[in-house]
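Q: Residue numbers (this note's numbering): -6 to 88. Even glycine gets a Cβ: it sits at the ideal position worked out from N, Cα and C. Treat the numbers as computed from the prediction; the structure is a model and nothing was measured. Sharing a structure below in structure tokens format, with a few things to ask.
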Amino acid sequence: VNMSLKLTTQAYCKMLLHAAKYPHCAVNGLLVAEKHKKKDSPRDSVLCVDCVPLFHGALALAPMLEVALTLVRRFFLYSYNFSCGDRFWATTFKI
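In structure tokens, the structure reads:
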């Protein structure tokens, strides 16, 4: 299935600024997408409306990541009816 990913300006800027703030570290976070209704036609694109930066540096902290995923998913699901989609990662780079 070919599916495209579209980012709002807010989501893109948050992702970029999180990576720019910590150029010496790998960073990760969550992309938050609009939830599609089941009756809609098959999705050909996903619109990510927000981004939640999580960590920089040590990315392999499974307990902290699980807690963060749970909190963010519940917040966006109950507050805005959005769903948390893919995580994003940026490898270490220099700006």
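To the nearest angstrom, report how far apart N21 and S72 are at their CA atoms.
A: 23 Å
Q: From the DSSP output, in three-state form, read off A13 for me.
A: helix
Q: For the candidate residues H11, K14 and E27, whose alpha-carbon lies nearest to that of R66?
A: E27
Q: L(-2) bridges to which residues according to DSSP?
A: V39
Q: Pop quiz: D37 and A4 are said to be a contact at Cβ under 8 Å. What is the actual Cβ separation, rounded to whole angstroms?
A: With 8 Å as the limit, D37 and A4 do not qualify as a contact, their Cβ atoms being about 19 Å apart.
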